[in-house]
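Have a look at the structure below, then the notes.
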Amino acid sequence: MEVNTEGQDTGSERGQIHFLAALLDELMRKMLAAGALTQAGFNEIELAAAKRVGGQPRAW
């Protein structure tokens with residue numbers, strides 16, 4: 024277990040974030056396959072999310 028200065032279990036939190044990211048990725052792929060959103064729509068979502076968190080958007 025890795026605990027930071029605030030007493031938080033950072034390893035556990037990191038695992039939860041990876042699980043949620045994988046879950047979201049699977050949901051988005053299913054929505055794309057089902058035609059619920061277009062590839063352009065997903066690219067817009069990725070761009071907005073990347074701007075919000077300060078990362079690089081993935082291409083769908």
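Residue numbering for the sequence shown follows the working numbering, starting at 24 and increasing by one per position.
Ideal Cβ placement from N, Cα and C applies to all residues, glycine included.
Note that the coordinates shown come from a computational prediction; the quantities given were computed from them, not determined experimentally.
Own chain partners of residue i with C-beta closer than 8 Å, once the 5 adjacent residues on each side are dropped
i	result
N66	P80, A82 and W83
Option in the options with minimal Cα separation from residue i
i	options	result
G64	M51, K74 and R75	M51
Contact set for residue i: own chain, Cβ-Cβ below 6 Å, skip 5 residues either direction
i	result
L70	P80
Q62	W83
Presumed contact (8 Å Cβ cut-off) between residue i and residue j, rounded CB distance
i	j	result
M54	L46	Between L46 and M54 the Cβ distance is about 13 Å, and since that is not below 8 Å, they are no contact.
Close beta carbons around residue i, own chain, < 7 Å, minus the five adjacent residues each side
i	result
E29	none
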